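S.K.: Residue numbers (this note's numbering): 667 to 1437. Cβ coordinates follow ideal geometry from the N, Cα and C atoms, glycine included. From a predicted model like this one, the values you see are computed outputs, not experimental measurements. Got a structure for you, written out below as structure tokens; questions coming shortly.
If you want it as structure tokens, here you go:
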């Protein structure tokens, strides 16, 4: 089916250039502070934790302490008798719930099809096995501690250790809808006949999203068929579809509200706690709030997979790549986990090679389902690939930026599709000039300041352009000159409401102050998940489609004998607060059109077109990451002193919000590089550091001043020429740090995170012996 769509897409004409792209008087592209800023700093932004409804009760989870087996007995009597307890729900009395639909189907929002409290099976250490509901959160938590679970673990030995069990890995069925294995030419033969070989393994750790706001849900059944859920979700419409399917009620009977979400990064889709909260509310007949503790976030929801990767590069004296191979294994949950993380995507898109091979395997673990975490796949894959590219440049005796110019492809290496827009080399050139790359000493272990070795590193960044289908939006134009845009979008700190108001103002020819953007509610037109850096383009496409319908509606209101008599949609445009003939012709303001027709407002709805541009072109965002680091040969500590990221993400719609997104991604990349690692007990599958006291995210002392820049060249195939910017910032960061560490101290680190425990032994191996 996908190939048929691709063939059809290639035959269709390209998207017509958006007339707005040629304008220089737009609000888009101008810096504007986030509209939600005052609400957040004053504490008036309504998060799910702030939701209070009459009769609200509180839930606490009881989680399995074994990775596999079955529940032999569960003792609940003492909990049921505890003060304030209203309900204890287990698999014995939970309401019927279907397995949730997978996010990848675009009809759900789950990463796993695992049944939720429908049987006595244990699938991972941390799976909820009971829910206690009480009048207060404290009463519920106390009663949950009184429940005793007895397990039968006589079944097969669970597989929980990624490091030692990779012999059980199998080839992934697909990676985000793409082929798992792509081979062109004979990589092994090219490798054998080449002058220079880089062939190494790389490992990345398991990571967890650690949003400031934990996962939280409030569920209320108005009757047996109508459910309202307030949720910290980044997939409002798809959470609505999932809940409707799980509880077998019409989708229009489910309402999901998420006005503000305190960070998500891929994690806040549908997990078991939402379904259990709604199930408990159904049994109890009262609203229920379920708030995951920080520990439960680590044990109940999923994070980024660990990975084992191998990159092989072969080059001849001429300096081009004769072979590029990127293979390896990631983990998925053993619960019908539909998310194999696509670490080979950077290798598929970035560099030209005579022969080419990518291949991905997966190892099923009895752990929480693998889930998305900012730039899933591309983030960990770019670490391995960009470190290998840096090492090959050194082998060839050329600057790593110069080497990249030699292997710049003219078409996508994996698919052969033309690039819609590609300015990767320009990001390196601009970054090198701004950063002062020509001042870098290319000889490793050459610059020392006291106990610190100082070095500089660079890496490429990329992330695919994604536009998910089926997004909708409405435009309501009022007789007083205001406009309201409505769609079930999300605001998680990225500035959605601000950027979309800017676009709509330009699209409708109104001042931005006259445009209101309503979002965060499934009763609004269907939105797409805020993931994959896809939401901005999807909403723009939906609003553009609604604007076309608005023109048709307004033309029907044109009075006879006026300036617009006989005009057709192709003859007019929306500008200057109304409908006018093109090229500066005459027309009427909205107030006159609506007032003359006796209308207070008109509403138009638009559905975004199919993302055929993704099937016809290779559409990517690119970037170059530069950094300066220090490495202590006393403690093994790595300190990042300076950072510059330069990005090619199409037209940037708001410099203020975009810069914040780029910096946020870079900071998460520093955590990936230096501090973040989930520790798993290899015997029990229990996560051992499920708190921010032990899972170390970067703090202010870990983060240098970060400069960001972007090219701003519009991609003619993308709505308004723009790509999303939320994810590309993290890609290439860990590799840039590792490459800088090599330049500083002469050591190649190929495992993440690069902690002192890795650095010190490597320093000792490379230290000069006694005179």
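Between the alpha carbons of residue 1120 and residue 1421, how many angstroms are there, rounded?
M.R.: Here residue 1120 corresponds to residue number 454 of the chain shown, with the count starting at 1. Here residue 1421 corresponds to residue number 755 of the chain shown, with the count starting at 1. Going by the C-alpha atoms only, they are around 17 Å apart.
S.K.: For a quick check, are the C-beta atoms of residue 848 and residue 1080 less than 8 Å apart?
M.R.: Position 182 of the chain shown, counting from 1, holds the residue named residue 848. Position 414 of the chain shown, counting from 1, holds the residue named residue 1080. Contact: yes.
S.K.: Applying the 10 Å Cβ sphere with the 16-neighbour rule, what's the burial state of residue 704?
M.R.: If you number the chain shown from 1, residue 704 lands on position 38. Flag for residue 704 reads exposed.
S.K.: Rounded to a whole number of angstroms, what is the C-alpha to C-alpha distance between residue 1437 and residue 1364?
M.R.: On the chain shown, position 771 is the one that residue 1437 refers to. On the chain shown, position 698 is the one that residue 1364 refers to. Note that residue 1437 has pLDDT 45, beneath the 50 cutoff, so the model's placement of it is unreliable and the number below is only indicative. Cα-Cα distance, rounded: 40 Å.
S.K.: Identify, in the order they occur along the chain, each residue of the same chain with its Cβ nearer than 8 Å to the Cβ of residue 763, setting aside the five sequence neighbours on each side.
M.R.: As a first step, residue 763 must be located in the chain shown, where it is residue number 97. Apart from sequence neighbours up to five positions away, the residues of its chain that approach residue 763 with a beta-carbon distance below 8 Å are 781, 782, 783, 784, 912, 913, 941 and 945, ordered along the chain.
S.K.: In terms of residue numbering, what span does the alpha helix (DSSP H) encompassing residue 737 cover?
M.R.: Looking up residue 737 in the chain shown gives position 71. No alpha helix (DSSP H) holds residue 737; the beta strand (DSSP E) holding it covers 735-741.
S.K.: On the DSSP bridge assignment, give the partners of residue 919 in chain order.
M.R.: Within the chain shown, numbered from 1, the residue matching residue 919 stands at position 253. DSSP lists no bridge partner for residue 919.
S.K.: I need the DSSP call for residue 713, collapsed to helix, strand or coil.
M.R.: Here residue 713 refers to the residue found at position 47 when the chain shown is read from its first residue. Correct three-state label for residue 713: strand.
S.K.: In the structure shown, what three-state DSSP assignment does residue 1099 receive?
M.R.: Mapped onto the chain shown, residue 1099 falls at position 433. Three-state DSSP puts residue 1099 in a helix.
S.K.: Three Cβ pairs or more, each shorter than 8 Å: is that satisfied between the segment 1002-1009 and the segment 1079-1094?
M.R.: no
S.K.: Distance cutoff 8 Å, beta carbons only. Does residue 749 sit that close to anything in chain C?
M.R.: Chain labels in this structure do not include chain C; a single protein chain is all it has.
S.K.: Can you tell me which of 1424, 1087, 1108 and 1162 puts its alpha carbon nearest to the alpha carbon of residue 1076?
M.R.: The residue given as residue 1076 occupies position 410 in the chain shown. Of the candidates 1424, 1087, 1108 and 1162, the one whose C-alpha sits nearest the C-alpha of residue 1076 is 1087.
S.K.: If we require 3 or more residues per run, which beta strand (DSSP E) segments fall completely within the segment 1351-1400?
M.R.: 1371-1376
S.K.: Is the Cβ-Cβ distance between residue 1219 and residue 1270 less than 8 Å?
M.R.: In the chain shown, the residue the question calls residue 1219 occupies position 553. In the chain shown, the residue the question calls residue 1270 occupies position 604. Yes, Cβ-Cβ distance for residue 1219 and residue 1270 is below 8 Å.
S.K.: Looking at residue 1244 and residue 1259, is the spacing between their C-beta atoms short of 8 Å?
M.R.: Taking the first residue of the chain shown as position 1, residue 1259 is located at position 593. Taking the first residue of the chain shown as position 1, residue 1244 is located at position 578. Yes. Within cutoff.
S.K.: Classify residue 1259 as helix, strand or coil using the three-state DSSP reduction.
M.R.: On the chain shown, residue 1259 is found 593 positions in, with the first residue counted as 1. Looking at residue 1259 - three-state DSSP - the assignment turns out to be helix.
S.K.: Quick one, which of 934, 738 and 861 has its alpha-carbon nearest residue 879's?
M.R.: Taking the chain shown and counting its residues from 1, the one referred to as residue 879 is at position 213. Nearest C-alpha to residue 879: 934.
S.K.: If you draw a straight line from the C-alpha of residue 1148 to the C-alpha of residue 1265, how long is it?
M.R.: Sequence index remark: in the chain shown, residue 1148 carries index 482 (1-based). Sequence index remark: in the chain shown, residue 1265 carries index 599 (1-based). Residue 1148 and residue 1265: Cα-Cα distance of roughly 14 Å.
S.K.: Does DSSP put residue 1426 in a helix, in a strand, or in coil?
M.R.: In the chain shown, counting from the first residue as 1, residue 1426 sits at position 760. The answer is helix: DSSP assigns residue 1426 an H, G or I state.
S.K.: From residue 1383 to residue 709, what does the alpha carbon distance come to, in whole angstroms?
M.R.: On the chain shown, residue 1383 is found 717 positions in, with the first residue counted as 1. On the chain shown, residue 709 is found 43 positions in, with the first residue counted as 1. Rounded to the nearest angstrom, the two C-alpha atoms are 40 Å apart.
S.K.: For my contact list, residue 725 and residue 956 are in at a C-beta cut-off of 8 Å; report their separation, rounded to the angstrom.
M.R.: As a first step, residue 725 is located in the chain shown; it is residue number 59 there, counting from the start. As a first step, residue 956 is located in the chain shown; it is residue number 290 there, counting from the start. Yes, they are in contact, since the Cβ atoms of residue 725 and residue 956 sit about 4 Å apart, within 8 Å.
S.K.: By the 10 Å Cβ neighbour count, where 16 or more other Cβ atoms means buried, how is residue 1248 classified, buried or exposed?
M.R.: For this step, residue 1248 is matched to residue 582 along the chain shown. Residue 1248 is classed as exposed because its beta carbon has fewer than 16 other beta carbons within 10 Å across all chains shown.
S.K.: For the beta strand (DSSP E) that contains residue 863, what are its first and last residues?
M.R.: Residue 863 sits at position 197 when you count from the first residue of the chain shown. Element bounds for residue 863: 862-870.
S.K.: Are residue 1174 and residue 1213 closer than 8 Å when you measure CB to CB?
M.R.: For this step, residue 1174 is matched to residue 508 along the chain shown. For this step, residue 1213 is matched to residue 547 along the chain shown. Against a cut-off of 8 Å, the Cβ pair of residue 1213 and residue 1174 comes out as a contact.
S.K.: DSSP three-state label for residue 1224, please.
M.R.: In the chain shown, the residue the question calls residue 1224 occupies position 558. The DSSP-derived three-state label of residue 1224 is coil.
S.K.: Please tell me whether residue 1136 and residue 1170 are closer than 8 Å, where the distance is taken between their beta carbons.
M.R.: On the chain shown, residue 1136 is found 470 positions in, with the first residue counted as 1. On the chain shown, residue 1170 is found 504 positions in, with the first residue counted as 1. In this structure, residue 1170 does not lie closer than 8 Å to residue 1136 by Cβ.
S.K.: When we look at the beta-carbon of residue 773 and count the other beta-carbons within 10 Å, is it buried (16 or more) or exposed?
M.R.: In the chain shown, residue 773 corresponds to position 107, counting from 1. Result: exposed.
S.K.: Give the single residue among 968, 1351 and 1024 whose Cα lies nearest to the Cα of residue 1450.
M.R.: No statement about residue 1450 is possible, as the shown extent of the chain runs from 667 to 1437 and does not include it.
S.K.: Taking 8 Å as the threshold, find out whether the segment 1020-1035 comes into contact with the segment 962-981 through three or more Cβ pairs.
M.R.: yes
S.K.: To which residues does DSSP link residue 1144 through a beta bridge?
M.R.: For this step, residue 1144 is matched to residue 478 along the chain shown. Paired residues: 1267.
S.K.: So what's residue 992 in DSSP terms, helix, strand or just coil?
M.R.: Walking along the chain shown from the start, residue 992 turns up at place 326. DSSP places residue 992 in strand when its eight states are reduced to three.
S.K.: Can you tell me the Cα-Cα spacing of residue 943 and residue 1061, whole angstroms?
M.R.: Counting from one through the chain shown, the residue named residue 943 turns up at place 277. Counting from one through the chain shown, the residue named residue 1061 turns up at place 395. Residue 943 and residue 1061: Cα-Cα distance of roughly 57 Å.
S.K.: What residues in its chain sit with their C-beta under 6 Å from that of residue 1096, if we drop five residues either side in the sequence?
M.R.: Taking the chain shown and counting its residues from 1, one reaches residue 1096 at position 430. Answer for residue 1096: 1312, listed in chain order.
S.K.: Would you list, in sequence order, the uninterrupted beta strand (DSSP E) runs of no fewer than 3 residues that lie entirely inside the segment 783-865?
M.R.: 794-800, 814-818 and 848-850
S.K.: Where does residue 1007 sit, in a helix, a strand or coil, going by DSSP?
M.R.: Numbered from 1 along the chain shown, position 341 holds the residue referred to as residue 1007. Here residue 1007 sits in coil by DSSP.
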